[in-house]
Amino acid sequence: AIPRLRQGAPASAIRGYLFATARSVLGGFWSTRLGLSESELHEDLLMAMPTGGYSQESADRAALILAALSDNYRRVLELRFLHGYSLKEVAAEMRSTVGAVKVMQLRALRAAAKVRLDA
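See the structure below:
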């Protein structure tokens with residue numbers, strides 16, 4: 009089904025192939041749509057990326073929101089968004105299932121959105 013990959017290729021090779029294919033297809037689409045070459049799209053993307061990091065104010069606000077959450081909610085959000093874990097990795101770390109982690113993440117995000125930070 010996937011050309012250019014040998015039978016039994018490792019998951020990382022398949023993931024890399026799919027990523028490269030998606031990048032090419034999306035680049036071609038936007039190149040046609042905007043009338044720009046793909047190299048110009050890459051240049052625009054590099055210019056649009058923020059060069060500075062996050063402000064201390066943003067980091068402090070995130071810490072306050074996380075501190076207001078229950079331990080499980082805080083842990084799932086830290087692992088997913090601060091440490092970049094996949095759902096599968098979070099499930100293994102928390103000794104849970106992927107489905108349970110998805111539900112917990114959704115609930116944690118909703119709880120975080122409700123946290124009021126009175127300045």
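With the sequence shown counted from 1, adding 8 to any position gets you the working numbering.
Backbone N, C-alpha and C define an ideal beta-carbon position, used for all residues, glycine too.
Contact between residue 111 and residue 99 is ruled out by a C-beta separation of about 11 angstroms, above the 8 angstroms threshold. By the 16-neighbour rule on beta-carbons within 10 angstroms, residue 116 is buried. For residue 27, the uninterrupted alpha helix (DSSP H) run begins and ends at 19-42, by DSSP. When rounded, the separation of the alpha-carbon atoms in residue 113 and residue 31 is 28 angstroms. Linking residue 69 to residue 119 through their CA atoms gives a straight-line distance of about 15 angstroms. Here residue 64 carries a helix assignment [DSSP, helix/strand/coil].
Residue 28 has its alpha-carbon roughly 14 angstroms from the corresponding atom of residue 37. Just so you know, the alpha carbons of residue 34 and residue 126 end up roughly 43 angstroms apart.
Rounded to the nearest whole angstrom, the CA to CA distance from residue 87 to residue 43 is 41 angstroms.
Of the other Cβ atoms in all chains shown, 16 or more fall within 10 Å of the Cβ of residue 85; this residue is therefore buried. Residues of the same chain with a CB within less than 7 angstroms of the CB of residue 105, apart from the 5 flanking positions on each side, are 99 in chain order.
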